[in-house]
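In my numbering, the protein residues as written are 823 to 897.
Heads up, the beta-carbon is just placed ideally off N, CA and C, and yes, glycines get one too.
In this text, all values refer to a predicted model and were calculated from it rather than measured experimentally.
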Amino acid sequence: MIQGAYKTWIEEVLSILWASRTTPKTSTGESSFSLTFGTKVVIPPEVDYLTFRTESYQEPSSTDRLRENLDFLKE
């Protein structure tokens with residue numbers, strides 16, 4: 823049971839940190855993000871739908887990448 827909670831915590835830590843850094847504090851009225859970067863936070867959208875571009879994209883295999891790198895080697 824503890825290991826399950828530990829795995830969940832690790833997966834959620836980035837979201838928790840983002841929320842903490844982007845929430846305005848009552849003492850200053852500003853978030854630590856806006857104080858650091860001088861701009862308001864724009865929350866990144868969740869992309870849950872496929873488009874033609876994302877659906878047809880295929881990650882190149884490591885062999886293909888190695889072949890491409892061979893083209894750039896000096897002889």
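Isoleucine 865 is positioned such that its CB atom lies no closer than 9 Å to that of threonine 845. Considering only Ser849, Leu888, Pro882 and Ser842, the residue with the shortest C-alpha distance to valine 863 is Ser842. Glutamate 833 carries a helical assignment under DSSP once its states are collapsed to helix, strand and coil.
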